[in-house]
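Read through the structure below, which is laid out as C-alpha coordinates, and then see the notes.
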Amino acid sequence: MTQLDMTPGAQVPRTDVGNQTAVTQAFSSAAYRTGDVKELEALTGVGVKGGKFELFRPSAGEAFSRALIDRTLGGGRKPLVPSHGTDVRMVVEHCLAAQDLREARDRRLAGLSLLFGVLFLPGTLVWLAAYQARAWLGSKKSAARDGFIGTLALLLAFGLALLLLIRPPFGGLLGLYFRVVMIGPAVGWYLAKRTVVGSVMEQRARWGDLVGGSAVAAVVPKAVPKDHLDKKANTLKAGLDRISTEQNTNIQHYAGPKGILGIGARWAEWSLREDLRPAEGHDDFRTFHVADLTRRIADRLSGLTSSDVPNGGLPRPQISHWVVLDTGEGADEIGRPSGPEMDGDRMRDFAVQELASKQSLGADTRHRIAVQFVLHKGQLVSTIIVNVMVLAQNLQIHVTPHTLGPINGYFTSKPKTPEKDVAKTFRFWETRTVQLAVVTDDEVVRQAVRAPFHKVPGLQKWLGGGISFPEPLCLRQAWADPTWNSRYKSDDTIYLPSPVIGVIHAAVVEFLDEHDVATDRIANRSNMLRSEMQGSRPFRADKYDAG
(Lines of atoms letter the chains of each structure in order from A and count residues from 1; the text may use other names and numbers.)
(Lines give C-alpha, C1' and ligand atoms only; values in the text may rest on other atoms or scores of the structure.)
Protein backbone atom coordinates (compact mmCIF):
# COMPACT_ATOMS: atom_id res chain seq x y z
CA MET A 1 0.00 0.00 0.00
CA THR A 2 1.40 3.37 -0.98
CA GLN A 3 2.10 5.73 1.92
CA LEU A 4 3.60 9.17 2.27
CA ASP A 5 6.48 9.79 4.63
CA MET A 6 5.47 13.01 6.38
CA THR A 7 8.76 13.56 8.21
CA PRO A 8 10.69 16.78 7.39
CA GLY A 9 12.47 16.73 4.06
CA ALA A 10 11.61 15.66 0.55
CA GLN A 11 8.26 13.88 0.30
CA VAL A 12 9.06 10.64 -1.48
CA PRO A 13 6.20 8.15 -2.00
CA ARG A 14 6.82 4.75 -0.40
CA THR A 15 5.69 1.66 -2.26
CA ASP A 16 6.31 -0.95 0.44
CA VAL A 17 3.69 -3.70 0.48
CA GLY A 18 2.12 -4.21 3.88
CA ASN A 19 0.93 -7.51 5.30
CA GLN A 20 -2.68 -6.51 4.75
CA THR A 21 -2.34 -5.91 1.00
CA ALA A 22 -3.10 -9.47 -0.18
CA VAL A 23 -6.34 -9.74 1.78
CA THR A 24 -7.38 -6.21 0.80
CA GLN A 25 -6.86 -7.02 -2.88
CA ALA A 26 -8.76 -10.29 -2.52
CA PHE A 27 -11.77 -8.45 -1.10
CA SER A 28 -11.39 -5.79 -3.81
CA SER A 29 -11.51 -8.43 -6.54
CA ALA A 30 -15.14 -9.13 -5.64
CA ALA A 31 -16.04 -5.77 -7.20
CA TYR A 32 -14.92 -6.98 -10.65
CA ARG A 33 -16.36 -10.49 -10.64
CA THR A 34 -18.57 -11.32 -13.59
CA GLY A 35 -20.28 -14.48 -12.36
CA ASP A 36 -23.89 -14.95 -11.34
CA VAL A 37 -25.12 -13.19 -8.22
CA LYS A 38 -26.08 -16.54 -6.70
CA GLU A 39 -22.36 -17.25 -6.22
CA LEU A 40 -22.51 -14.91 -3.22
CA GLU A 41 -24.92 -17.22 -1.39
CA ALA A 42 -21.86 -19.29 -0.43
CA LEU A 43 -20.65 -16.43 1.81
CA THR A 44 -21.81 -16.61 5.41
CA GLY A 45 -24.53 -14.12 6.26
CA VAL A 46 -24.99 -12.80 2.72
CA GLY A 47 -28.65 -12.66 1.71
CA VAL A 48 -29.52 -12.70 -2.00
CA LYS A 49 -32.88 -11.09 -2.70
CA GLY A 50 -34.50 -11.61 -6.08
CA GLY A 51 -36.12 -8.82 -8.07
CA LYS A 52 -39.27 -8.58 -10.13
CA PHE A 53 -37.70 -9.89 -13.33
CA GLU A 54 -34.97 -12.52 -13.61
CA LEU A 55 -33.66 -10.82 -16.77
CA PHE A 56 -32.63 -7.74 -14.75
CA ARG A 57 -30.59 -9.68 -12.17
CA PRO A 58 -27.16 -8.19 -11.32
CA SER A 59 -23.85 -10.00 -11.66
CA ALA A 60 -21.87 -10.93 -8.55
CA GLY A 61 -19.58 -7.91 -8.93
CA GLU A 62 -22.44 -5.50 -9.58
CA ALA A 63 -24.37 -6.72 -6.53
CA PHE A 64 -21.31 -6.72 -4.24
CA SER A 65 -20.20 -3.24 -5.32
CA ARG A 66 -23.65 -1.70 -4.98
CA ALA A 67 -24.28 -3.29 -1.57
CA LEU A 68 -20.90 -2.25 -0.15
CA ILE A 69 -21.13 1.31 -1.50
CA ASP A 70 -24.62 1.70 -0.05
CA ARG A 71 -23.51 0.20 3.28
CA THR A 72 -20.36 2.30 3.69
CA LEU A 73 -21.21 5.55 1.91
CA GLY A 74 -24.99 5.70 2.21
CA GLY A 75 -26.65 8.46 4.17
CA GLY A 76 -27.44 7.65 7.79
CA ARG A 77 -25.58 4.35 7.63
CA LYS A 78 -24.78 2.24 10.68
CA PRO A 79 -21.24 2.28 12.14
CA LEU A 80 -18.72 -0.23 10.79
CA VAL A 81 -16.76 -2.69 12.89
CA PRO A 82 -13.00 -2.21 12.31
CA SER A 83 -11.56 -4.78 9.89
CA HIS A 84 -8.10 -5.39 11.33
CA GLY A 85 -5.50 -6.35 8.76
CA THR A 86 -7.64 -4.98 5.92
CA ASP A 87 -7.85 -1.59 4.23
CA VAL A 88 -11.61 -1.21 3.91
CA ARG A 89 -11.31 2.17 2.23
CA MET A 90 -9.30 0.63 -0.61
CA VAL A 91 -11.96 -2.06 -1.07
CA VAL A 92 -14.68 0.60 -1.31
CA GLU A 93 -12.57 2.62 -3.75
CA HIS A 94 -12.27 -0.44 -5.99
CA CYS A 95 -16.05 -0.83 -5.83
CA LEU A 96 -16.38 2.79 -6.97
CA ALA A 97 -13.82 2.23 -9.74
CA ALA A 98 -15.66 -0.89 -10.90
CA GLN A 99 -18.90 1.05 -10.86
CA ASP A 100 -17.31 3.75 -13.05
CA LEU A 101 -16.22 1.09 -15.56
CA ARG A 102 -19.73 -0.29 -15.73
CA GLU A 103 -21.31 3.15 -16.04
CA ALA A 104 -19.08 3.92 -19.04
CA ARG A 105 -20.21 0.61 -20.56
CA ASP A 106 -23.85 1.27 -19.69
CA ARG A 107 -23.82 4.67 -21.36
CA ARG A 108 -22.84 3.04 -24.65
CA LEU A 109 -25.28 0.16 -24.17
CA ALA A 110 -28.09 2.54 -23.23
CA GLY A 111 -27.64 4.38 -26.53
CA LEU A 112 -27.82 1.13 -28.49
CA SER A 113 -30.75 -0.14 -26.44
CA LEU A 114 -32.75 3.03 -26.91
CA LEU A 115 -31.93 3.31 -30.61
CA PHE A 116 -32.71 -0.25 -31.63
CA GLY A 117 -35.14 -0.97 -28.82
CA VAL A 118 -37.44 2.00 -29.37
CA LEU A 119 -37.15 2.00 -33.17
CA PHE A 120 -38.09 -1.68 -33.33
CA LEU A 121 -40.18 -1.79 -30.15
CA PRO A 122 -42.60 -4.62 -31.09
CA GLY A 123 -39.74 -6.94 -32.00
CA THR A 124 -37.77 -5.88 -28.95
CA LEU A 125 -40.66 -6.82 -26.66
CA VAL A 126 -40.97 -10.24 -28.28
CA TRP A 127 -37.25 -10.96 -27.90
CA LEU A 128 -37.25 -9.70 -24.29
CA ALA A 129 -40.23 -11.90 -23.45
CA ALA A 130 -38.38 -14.88 -24.91
CA TYR A 131 -35.20 -14.18 -22.94
CA GLN A 132 -37.19 -13.48 -19.77
CA ALA A 133 -38.91 -16.86 -20.11
CA ARG A 134 -35.52 -18.48 -20.75
CA ALA A 135 -34.01 -16.81 -17.68
CA TRP A 136 -37.02 -17.72 -15.52
CA LEU A 137 -36.96 -21.36 -16.64
CA GLY A 138 -33.21 -21.45 -16.07
CA SER A 139 -33.68 -20.32 -12.47
CA LYS A 140 -36.31 -23.00 -11.85
CA LYS A 141 -34.65 -26.03 -13.45
CA SER A 142 -30.93 -26.58 -13.61
CA ALA A 143 -31.01 -28.25 -17.03
CA ALA A 144 -33.51 -25.90 -18.65
CA ARG A 145 -31.00 -23.37 -19.96
CA ASP A 146 -29.06 -25.97 -21.99
CA GLY A 147 -32.03 -28.18 -22.81
CA PHE A 148 -35.00 -27.99 -25.06
CA ILE A 149 -37.30 -26.22 -22.61
CA GLY A 150 -34.86 -23.36 -22.11
CA THR A 151 -34.44 -22.75 -25.85
CA LEU A 152 -38.07 -23.23 -26.84
CA ALA A 153 -38.94 -19.57 -26.27
CA LEU A 154 -36.01 -18.42 -28.43
CA LEU A 155 -36.96 -20.86 -31.19
CA LEU A 156 -40.47 -19.43 -31.23
CA ALA A 157 -39.13 -15.87 -31.44
CA PHE A 158 -36.74 -16.88 -34.22
CA GLY A 159 -39.58 -18.55 -36.11
CA LEU A 160 -41.68 -15.40 -35.81
CA ALA A 161 -38.78 -13.31 -37.15
CA LEU A 162 -38.40 -15.65 -40.13
CA LEU A 163 -42.13 -15.62 -40.81
CA LEU A 164 -42.35 -11.82 -40.75
CA LEU A 165 -39.30 -11.55 -43.01
CA ILE A 166 -40.83 -13.84 -45.65
CA ARG A 167 -44.51 -12.98 -45.35
CA PRO A 168 -45.19 -9.69 -43.59
CA PRO A 169 -48.87 -9.12 -42.66
CA PHE A 170 -49.00 -5.76 -44.45
CA GLY A 171 -47.78 -4.33 -47.70
CA GLY A 172 -46.00 -1.13 -48.60
CA LEU A 173 -43.89 0.80 -46.10
CA LEU A 174 -45.56 -0.87 -43.11
CA GLY A 175 -44.79 -4.26 -44.59
CA LEU A 176 -41.14 -3.31 -44.99
CA TYR A 177 -41.08 -2.29 -41.31
CA PHE A 178 -42.53 -5.63 -40.24
CA ARG A 179 -39.89 -7.45 -42.29
CA VAL A 180 -37.12 -5.93 -40.16
CA VAL A 181 -38.95 -5.39 -36.84
CA MET A 182 -37.50 -8.62 -35.46
CA ILE A 183 -34.13 -8.27 -37.18
CA GLY A 184 -33.40 -4.74 -35.90
CA PRO A 185 -33.06 -5.80 -32.22
CA ALA A 186 -30.75 -8.64 -33.32
CA VAL A 187 -28.48 -6.10 -35.05
CA GLY A 188 -28.49 -4.01 -31.87
CA TRP A 189 -27.59 -7.13 -29.90
CA TYR A 190 -24.62 -7.78 -32.20
CA LEU A 191 -23.29 -4.25 -31.72
CA ALA A 192 -23.90 -4.43 -27.97
CA LYS A 193 -21.98 -7.68 -27.71
CA ARG A 194 -18.72 -5.97 -28.72
CA THR A 195 -19.14 -3.47 -25.88
CA VAL A 196 -20.09 -6.18 -23.38
CA VAL A 197 -17.16 -8.44 -24.29
CA GLY A 198 -14.66 -5.59 -23.95
CA SER A 199 -16.07 -4.61 -20.55
CA VAL A 200 -16.16 -8.17 -19.23
CA MET A 201 -12.58 -8.84 -20.32
CA GLU A 202 -11.36 -5.65 -18.63
CA GLN A 203 -13.12 -6.58 -15.39
CA ARG A 204 -11.78 -10.13 -15.47
CA ALA A 205 -8.26 -8.80 -16.08
CA ARG A 206 -8.51 -6.60 -12.98
CA TRP A 207 -9.98 -9.46 -11.00
CA GLY A 208 -7.10 -11.74 -11.97
CA ASP A 209 -4.44 -9.09 -11.30
CA LEU A 210 -5.81 -8.32 -7.83
CA VAL A 211 -5.99 -11.96 -6.79
CA GLY A 212 -2.60 -12.64 -8.36
CA GLY A 213 -0.92 -9.92 -6.32
CA SER A 214 -0.32 -7.33 -9.04
CA ALA A 215 -0.71 -3.68 -8.13
CA VAL A 216 -4.04 -2.42 -9.46
CA ALA A 217 -4.88 1.17 -8.64
CA ALA A 218 -8.45 2.17 -7.84
CA VAL A 219 -8.90 5.45 -9.74
CA VAL A 220 -11.91 7.39 -8.46
CA PRO A 221 -11.88 10.85 -10.10
CA LYS A 222 -15.32 11.73 -8.74
CA ALA A 223 -13.90 11.66 -5.19
CA VAL A 224 -11.52 14.54 -5.99
CA PRO A 225 -13.31 17.90 -5.49
CA LYS A 226 -12.67 20.60 -8.09
CA ASP A 227 -13.25 23.25 -5.43
CA HIS A 228 -15.07 23.72 -2.14
CA LEU A 229 -18.36 24.16 -4.04
CA ASP A 230 -18.16 20.67 -5.56
CA LYS A 231 -20.69 19.27 -3.10
CA LYS A 232 -21.00 15.77 -4.57
CA ALA A 233 -17.24 15.13 -4.64
CA ASN A 234 -16.76 16.63 -1.18
CA THR A 235 -19.50 14.40 0.21
CA LEU A 236 -17.93 11.31 -1.35
CA LYS A 237 -14.48 12.25 -0.07
CA ALA A 238 -15.88 12.84 3.43
CA GLY A 239 -17.52 9.41 3.30
CA LEU A 240 -14.23 7.74 2.37
CA ASP A 241 -12.42 9.66 5.10
CA ARG A 242 -14.99 8.48 7.63
CA ILE A 243 -14.26 4.87 6.69
CA SER A 244 -10.57 5.49 7.44
CA THR A 245 -11.29 7.07 10.82
CA GLU A 246 -13.60 4.21 11.79
CA GLN A 247 -10.89 1.68 10.97
CA ASN A 248 -8.50 3.56 13.29
CA THR A 249 -10.92 3.75 16.21
CA ASN A 250 -9.88 2.57 19.66
CA ILE A 251 -13.48 1.74 20.62
CA GLN A 252 -14.20 -1.99 20.39
CA HIS A 253 -17.22 -4.12 21.27
CA TYR A 254 -17.42 -7.42 23.14
CA ALA A 255 -20.39 -9.46 21.89
CA GLY A 256 -20.50 -12.38 24.32
CA PRO A 257 -19.57 -15.75 22.76
CA LYS A 258 -18.65 -13.94 19.52
CA GLY A 259 -15.75 -12.30 21.35
CA ILE A 260 -14.51 -8.83 20.49
CA LEU A 261 -16.04 -7.90 17.15
CA GLY A 262 -13.36 -7.68 14.50
CA ILE A 263 -10.81 -10.02 16.10
CA GLY A 264 -12.87 -13.12 16.83
CA ALA A 265 -13.53 -15.20 19.92
CA ARG A 266 -10.78 -15.96 22.42
CA TRP A 267 -9.30 -19.44 22.29
CA ALA A 268 -7.49 -19.50 25.65
CA GLU A 269 -7.04 -17.52 28.88
CA TRP A 270 -4.15 -17.13 31.30
CA SER A 271 -4.39 -15.23 34.57
CA LEU A 272 -1.98 -14.03 37.21
CA ARG A 273 -3.50 -12.96 40.55
CA GLU A 274 -1.55 -11.95 43.63
CA ASP A 275 -1.92 -9.63 46.62
CA LEU A 276 0.17 -6.48 46.72
CA ARG A 277 2.55 -6.53 49.71
CA PRO A 278 5.43 -4.24 50.66
CA ALA A 279 8.84 -5.60 49.80
CA GLU A 280 11.11 -6.78 52.62
CA GLY A 281 12.54 -3.84 54.54
CA HIS A 282 9.66 -1.49 53.63
CA ASP A 283 6.64 -0.63 55.76
CA ASP A 284 4.53 0.16 52.70
CA PHE A 285 4.88 0.26 48.94
CA ARG A 286 4.77 3.35 46.78
CA THR A 287 1.32 4.15 45.42
CA PHE A 288 0.87 3.87 41.67
CA HIS A 289 -1.87 4.20 39.07
CA VAL A 290 -2.88 1.20 36.99
CA ALA A 291 -2.49 3.39 33.89
CA ASP A 292 1.22 3.73 34.70
CA LEU A 293 1.56 -0.06 34.80
CA THR A 294 -0.31 -0.52 31.52
CA ARG A 295 1.88 2.11 29.89
CA ARG A 296 5.02 0.26 31.06
CA ILE A 297 3.67 -3.02 29.70
CA ALA A 298 2.91 -1.43 26.32
CA ASP A 299 6.39 0.13 26.18
CA ARG A 300 8.08 -3.19 26.88
CA LEU A 301 5.94 -5.03 24.33
CA SER A 302 7.44 -2.86 21.60
CA GLY A 303 10.71 -4.74 22.23
CA LEU A 304 9.30 -8.02 20.91
CA THR A 305 10.91 -7.35 17.54
CA SER A 306 14.45 -7.61 18.97
CA SER A 307 16.35 -10.67 20.15
CA ASP A 308 19.87 -11.61 21.23
CA VAL A 309 19.72 -14.37 18.64
CA PRO A 310 20.02 -13.20 15.00
CA ASN A 311 16.61 -13.13 13.30
CA GLY A 312 14.99 -14.22 16.54
CA GLY A 313 12.67 -11.25 16.89
CA LEU A 314 8.97 -11.41 16.22
CA PRO A 315 7.26 -9.55 13.37
CA ARG A 316 6.43 -6.01 14.40
CA PRO A 317 3.07 -5.97 16.21
CA GLN A 318 0.63 -3.12 16.46
CA ILE A 319 0.24 -2.21 20.13
CA SER A 320 -2.86 -0.23 21.06
CA HIS A 321 -4.84 0.86 24.09
CA TRP A 322 -8.46 -0.11 23.50
CA VAL A 323 -11.73 0.81 25.14
CA VAL A 324 -14.03 -2.22 25.03
CA LEU A 325 -17.79 -1.83 25.37
CA ASP A 326 -20.19 -4.62 26.23
CA THR A 327 -22.86 -5.41 23.63
CA GLY A 328 -25.31 -8.22 23.05
CA GLU A 329 -24.42 -11.33 21.09
CA GLY A 330 -27.33 -10.83 18.70
CA ALA A 331 -26.94 -7.06 18.29
CA ASP A 332 -27.20 -5.93 14.66
CA GLU A 333 -25.73 -2.49 15.30
CA ILE A 334 -22.92 -1.01 17.36
CA GLY A 335 -22.57 2.44 18.87
CA ARG A 336 -19.74 4.63 20.06
CA PRO A 337 -19.71 7.17 22.90
CA SER A 338 -19.97 10.88 22.32
CA GLY A 339 -18.81 13.80 24.41
CA PRO A 340 -15.71 15.83 25.21
CA GLU A 341 -13.64 12.68 25.80
CA MET A 342 -14.12 11.65 22.16
CA ASP A 343 -12.20 12.87 19.12
CA GLY A 344 -14.37 11.65 16.26
CA ASP A 345 -14.41 7.85 16.47
CA ARG A 346 -11.49 7.70 18.92
CA MET A 347 -11.45 8.24 22.67
CA ARG A 348 -8.83 10.79 23.67
CA ASP A 349 -5.68 9.53 25.37
CA PHE A 350 -6.39 11.22 28.70
CA ALA A 351 -9.81 9.53 28.89
CA VAL A 352 -8.30 6.13 28.05
CA GLN A 353 -5.68 6.53 30.80
CA GLU A 354 -8.35 7.60 33.27
CA LEU A 355 -10.42 4.55 32.38
CA ALA A 356 -7.40 2.28 32.84
CA SER A 357 -6.83 3.63 36.36
CA LYS A 358 -10.48 3.63 37.46
CA GLN A 359 -11.89 0.49 35.87
CA SER A 360 -13.43 -1.91 38.33
CA LEU A 361 -16.25 -4.38 38.68
CA GLY A 362 -19.74 -3.42 37.56
CA ALA A 363 -18.74 -1.25 34.60
CA ASP A 364 -19.61 -2.04 30.97
CA THR A 365 -16.64 -0.05 29.66
CA ARG A 366 -13.20 -1.58 30.11
CA HIS A 367 -9.60 -0.81 29.17
CA ARG A 368 -7.48 -3.35 27.32
CA ILE A 369 -4.00 -3.49 25.80
CA ALA A 370 -4.08 -5.07 22.34
CA VAL A 371 -1.01 -6.70 20.77
CA GLN A 372 -1.87 -7.52 17.16
CA PHE A 373 0.12 -9.51 14.62
CA VAL A 374 -0.89 -9.60 10.94
CA LEU A 375 0.81 -12.65 9.42
CA HIS A 376 0.72 -14.83 6.30
CA LYS A 377 0.06 -11.84 4.02
CA GLY A 378 -2.94 -10.85 6.09
CA GLN A 379 -4.52 -14.32 6.11
CA LEU A 380 -3.90 -14.60 9.87
CA VAL A 381 -4.76 -11.88 12.37
CA SER A 382 -3.65 -12.86 15.87
CA THR A 383 -4.55 -10.45 18.66
CA ILE A 384 -3.50 -10.85 22.29
CA ILE A 385 -5.57 -8.83 24.77
CA VAL A 386 -4.14 -7.81 28.15
CA ASN A 387 -6.37 -6.77 31.05
CA VAL A 388 -4.81 -5.19 34.16
CA MET A 389 -6.93 -4.53 37.24
CA VAL A 390 -6.46 -3.94 40.96
CA LEU A 391 -9.28 -5.16 43.19
CA ALA A 392 -8.70 -4.03 46.77
CA GLN A 393 -5.10 -5.22 47.37
CA ASN A 394 -5.20 -7.87 44.66
CA LEU A 395 -3.41 -7.33 41.34
CA GLN A 396 -4.96 -9.24 38.45
CA ILE A 397 -3.50 -9.63 34.96
CA HIS A 398 -5.50 -11.55 32.38
CA VAL A 399 -4.20 -12.44 28.92
CA THR A 400 -6.57 -13.74 26.23
CA PRO A 401 -5.56 -14.56 22.63
CA HIS A 402 -7.98 -14.06 19.73
CA THR A 403 -7.54 -15.15 16.13
CA LEU A 404 -9.03 -14.65 12.68
CA GLY A 405 -8.18 -17.27 10.09
CA PRO A 406 -7.88 -16.99 6.29
CA ILE A 407 -10.67 -15.36 4.33
CA ASN A 408 -13.19 -17.44 2.42
CA GLY A 409 -11.70 -19.08 -0.67
CA TYR A 410 -14.27 -17.36 -2.88
CA PHE A 411 -12.31 -14.10 -2.65
CA THR A 412 -9.01 -15.70 -3.66
CA SER A 413 -10.35 -17.67 -6.64
CA LYS A 414 -9.08 -16.61 -10.06
CA PRO A 415 -11.16 -16.13 -13.22
CA LYS A 416 -11.56 -19.31 -15.23
CA THR A 417 -12.64 -19.85 -18.82
CA PRO A 418 -15.85 -21.94 -19.02
CA GLU A 419 -15.25 -25.44 -20.33
CA LYS A 420 -17.16 -28.60 -21.05
CA ASP A 421 -16.33 -32.13 -22.14
CA VAL A 422 -17.66 -33.35 -25.49
CA ALA A 423 -17.33 -36.67 -27.31
CA LYS A 424 -14.75 -36.91 -30.06
CA THR A 425 -16.07 -37.13 -33.62
CA PHE A 426 -14.71 -40.56 -34.53
CA ARG A 427 -13.60 -42.00 -31.20
CA PHE A 428 -16.96 -41.29 -29.61
CA TRP A 429 -16.03 -43.26 -26.48
CA GLU A 430 -13.40 -40.62 -25.71
CA THR A 431 -13.99 -37.02 -24.69
CA ARG A 432 -12.16 -33.77 -25.20
CA THR A 433 -12.39 -30.46 -23.39
CA VAL A 434 -13.54 -27.41 -25.33
CA GLN A 435 -13.58 -23.83 -24.13
CA LEU A 436 -16.87 -21.98 -24.13
CA ALA A 437 -17.49 -18.31 -24.72
CA VAL A 438 -16.86 -16.15 -21.66
CA VAL A 439 -19.76 -13.88 -22.62
CA THR A 440 -22.99 -15.70 -23.45
CA ASP A 441 -25.92 -14.39 -25.47
CA ASP A 442 -27.97 -14.18 -22.29
CA GLU A 443 -25.31 -12.01 -20.65
CA VAL A 444 -25.39 -9.52 -23.53
CA VAL A 445 -29.16 -9.20 -23.24
CA ARG A 446 -29.00 -8.91 -19.43
CA GLN A 447 -26.54 -6.03 -19.55
CA ALA A 448 -28.37 -4.32 -22.42
CA VAL A 449 -31.72 -4.25 -20.61
CA ARG A 450 -30.15 -3.02 -17.35
CA ALA A 451 -28.12 -0.27 -19.03
CA PRO A 452 -30.88 2.35 -19.54
CA PHE A 453 -31.53 2.32 -15.77
CA HIS A 454 -27.92 2.78 -14.61
CA LYS A 455 -28.67 6.29 -13.36
CA VAL A 456 -31.40 4.92 -11.07
CA PRO A 457 -29.75 2.18 -8.95
CA GLY A 458 -32.82 1.92 -6.72
CA LEU A 459 -34.97 0.96 -9.70
CA GLN A 460 -32.32 -1.48 -10.90
CA LYS A 461 -32.38 -3.15 -7.48
CA TRP A 462 -36.17 -3.33 -7.51
CA LEU A 463 -36.18 -4.87 -10.98
CA GLY A 464 -33.29 -7.31 -10.57
CA GLY A 465 -32.68 -7.72 -6.84
CA GLY A 466 -29.52 -7.36 -4.76
CA ILE A 467 -27.71 -8.63 -1.69
CA SER A 468 -27.41 -7.77 1.99
CA PHE A 469 -24.43 -8.17 4.33
CA PRO A 470 -24.32 -9.61 7.86
CA GLU A 471 -24.62 -7.05 10.64
CA PRO A 472 -22.82 -5.49 12.36
CA LEU A 473 -20.56 -5.44 9.30
CA CYS A 474 -16.89 -6.34 9.57
CA LEU A 475 -15.40 -7.41 6.24
CA ARG A 476 -12.49 -9.29 7.79
CA GLN A 477 -14.46 -11.27 10.37
CA ALA A 478 -17.64 -11.87 8.37
CA TRP A 479 -15.97 -14.28 5.94
CA ALA A 480 -13.03 -15.65 7.93
CA ASP A 481 -12.53 -19.41 7.92
CA PRO A 482 -11.37 -21.22 11.09
CA THR A 483 -7.68 -20.82 11.83
CA TRP A 484 -7.38 -24.38 13.08
CA ASN A 485 -7.86 -25.91 9.62
CA SER A 486 -4.37 -24.70 8.63
CA ARG A 487 -1.33 -26.32 10.22
CA TYR A 488 1.13 -23.43 10.09
CA LYS A 489 -1.42 -20.76 10.89
CA SER A 490 -2.53 -22.79 13.90
CA ASP A 491 1.06 -23.25 15.05
CA ASP A 492 1.87 -19.56 14.71
CA THR A 493 -1.26 -18.66 16.66
CA ILE A 494 -0.34 -21.00 19.51
CA TYR A 495 3.35 -19.97 19.58
CA LEU A 496 2.77 -16.20 19.82
CA PRO A 497 1.38 -15.84 23.39
CA SER A 498 4.46 -17.33 25.12
CA PRO A 499 6.95 -14.53 24.33
CA VAL A 500 4.23 -11.91 24.80
CA ILE A 501 3.35 -13.16 28.28
CA GLY A 502 7.04 -13.38 29.15
CA VAL A 503 7.49 -9.68 28.32
CA ILE A 504 4.33 -8.77 30.23
CA HIS A 505 5.43 -10.54 33.40
CA ALA A 506 8.94 -9.08 33.17
CA ALA A 507 7.46 -5.58 32.81
CA VAL A 508 5.15 -6.14 35.80
CA VAL A 509 7.96 -7.37 38.05
CA GLU A 510 10.19 -4.47 36.97
CA PHE A 511 7.45 -1.93 37.66
CA LEU A 512 6.52 -3.40 41.05
CA ASP A 513 10.16 -3.55 42.14
CA GLU A 514 10.43 0.17 41.42
CA HIS A 515 7.43 0.77 43.69
CA ASP A 516 8.69 -1.37 46.59
CA VAL A 517 6.18 -4.17 46.06
CA ALA A 518 7.14 -7.74 46.99
CA THR A 519 7.52 -9.70 43.76
CA ASP A 520 8.65 -13.13 44.99
CA ARG A 521 5.18 -14.68 44.86
CA ILE A 522 4.39 -12.98 41.57
CA ALA A 523 7.58 -14.39 40.06
CA ASN A 524 6.68 -17.87 41.34
CA ARG A 525 3.18 -17.66 39.88
CA SER A 526 4.64 -16.42 36.62
CA ASN A 527 6.87 -19.50 36.44
CA MET A 528 3.89 -21.76 37.17
CA LEU A 529 1.89 -20.04 34.44
CA ARG A 530 4.69 -20.59 31.94
CA SER A 531 4.67 -24.27 32.84
CA GLU A 532 0.95 -24.43 32.07
CA MET A 533 1.57 -22.82 28.70
CA GLN A 534 3.91 -25.61 27.62
CA GLY A 535 0.88 -27.68 26.67
CA SER A 536 -1.48 -24.96 25.47
CA ARG A 537 -4.37 -26.21 23.38
CA PRO A 538 -7.11 -24.06 21.84
CA PHE A 539 -10.57 -24.31 23.37
CA ARG A 540 -13.81 -22.31 23.37
CA ALA A 541 -12.86 -19.90 26.12
CA ASP A 542 -15.98 -17.78 25.59
CA LYS A 543 -18.34 -20.75 26.01
CA TYR A 544 -19.19 -21.45 29.64
CA ASP A 545 -20.95 -24.72 30.48
CA ALA A 546 -22.59 -23.28 33.57
CA GLY A 547 -26.24 -23.96 32.80
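Numbering-wise, the sequence shown is residues 108 to 654 according to the working numbering.
Beta carbons are placed, not taken as given, at the ideal position from N, Cα and C, and that holds for glycine.
- The alpha-carbon of alanine 470 is positioned some 14 Å away from that of valine 459.
- CA-to-CA, the gap between histidine 201 and leucine 162 works out to about 26 Å.
- Shown here for threonine 538: same chain residues with a beta carbon closer than 8 Å to its own, the five before and five after excluded, namely Asp528, Val529, Ala530 and Lys531 in chain order.
- Counting along the chain, valine 493 sits inside the beta strand (DSSP E) bounded by residues 487-498.
- Shown here for threonine 302: same chain residues with a beta carbon closer than 8 Å to its own, the five before and five after excluded, namely Arg212, Arg215, Leu216 and Leu219 in chain order.
- In the structure shown, leucine 147 adopts helical secondary structure according to DSSP, grouped into three states.
- Beta-bridge partners assigned by DSSP to aspartate 450: Arg453.
- Contact between the segment 372-381 and the segment 435-445 is absent: fewer than 3 CB-CB pairs across the two stretches fall below 8 Å.
- Annotated as distal: proline 165 and glycine 565, with beta-carbon spacing of 8 Å or more.
- The segment 398-412 makes contact with the segment 609-618, as at least three CB pairs between them are under 8 Å.
- Take glutamine 503, set aside five residues on each side of it, and the residues of its chain with a beta-carbon closer than 8 Å to its own are Ser378, Leu379, Arg380, Asn494, Val495, Met496 and Val497, in chain order.
- In terms of CA proximity to arginine 241, Leu263 leads the group Leu263, Gly224 and Gly230.
- For valine 552, the CB contacts under 6 Å within the same chain, skipping 5 residues up- and downstream, are Tyr238 in chain order.
- Sequence-distant partners of glutamate 309 (beyond 5 residues in either direction) whose C-beta falls short of 7 Å from its own C-beta, in its chain, are Leu208.
- Rounded to whole angstroms, serine 414 and phenylalanine 576 show a C-alpha spacing of 44 Å.
- One thing to note: valine 326 has its Cβ within 8 Å of the Cβ of alanine 204.
- Glycine 485 has its alpha-carbon roughly 11 Å from the corresponding atom of lysine 596.
- For the segment 499-551, the full-length beta strand (DSSP E) segments reaching 3 residues or more read 501-511, 526-530 and 538-542 along the chain.
- Within the same chain, and ignoring the five residues on either side of valine 331 in sequence, the residues whose Cβ sits closer than 7 Å to its Cβ are Ala340.
- Under the DSSP definition of a beta bridge, glutamine 425 partners with Gln479.
- Measuring C-alpha to C-alpha distances from glutamine 500 to each of Asp382, Arg632, Tyr297 and Gln132 identifies Asp382 as the nearest.
- Here the alpha carbons of proline 229 and leucine 270 stand approximately 15 Å from one another.
- Looking only at Tyr602, Trp591 and Ala362, the smallest Cα-Cα distance to isoleucine 491 is reached by Tyr602.
- Beta-carbon to beta-carbon, proline 579 and valine 188 are separated by about 5 Å, close enough to satisfy the 8 Å threshold.
- In this structure, arginine 196 sits away from glycine 369, with a CB-CB distance that is not shorter than 8 Å.
- The beta carbon of aspartate 649 sits closer than 8 Å to those of Gly363, Pro364, Lys365, Gly366, Ala372 and Arg373, all from its chain and outside the five residues before and after it, given in chain order.
- DSSP places lysine 156 in the strand class (E or B) of the three-state scheme.
- Boundaries of the beta strand (DSSP E) harbouring leucine 379: 377-382, taken from the DSSP string.
- DSSP places aspartate 433 in the strand class (E or B) of the three-state scheme.
- Annotation: the continuous alpha helix (DSSP H) that includes glycine 315 extends over 290-319.
- With a threshold of 16 other beta carbon atoms within 10 Å, asparagine 634 falls short and is exposed.
- In the three-state reduction of the DSSP assignment, proline 606 falls in the helix class, which pools H, G and I.
- Comparing C-alpha distances from valine 488 to each of Asp588, Gly168 and Gly319 shows the shortest one belongs to Asp588.
- Counting of Cβ neighbours within 10 angstroms places aspartate 194 among the buried residues, the total reaching 16 or more.
- With the rule of 3 Cβ pairs closer than 8 Å, the segment 506-521 does not count as touching the segment 388-396.
- Under DSSP, glycine 371 shares a beta bridge with Ile367.
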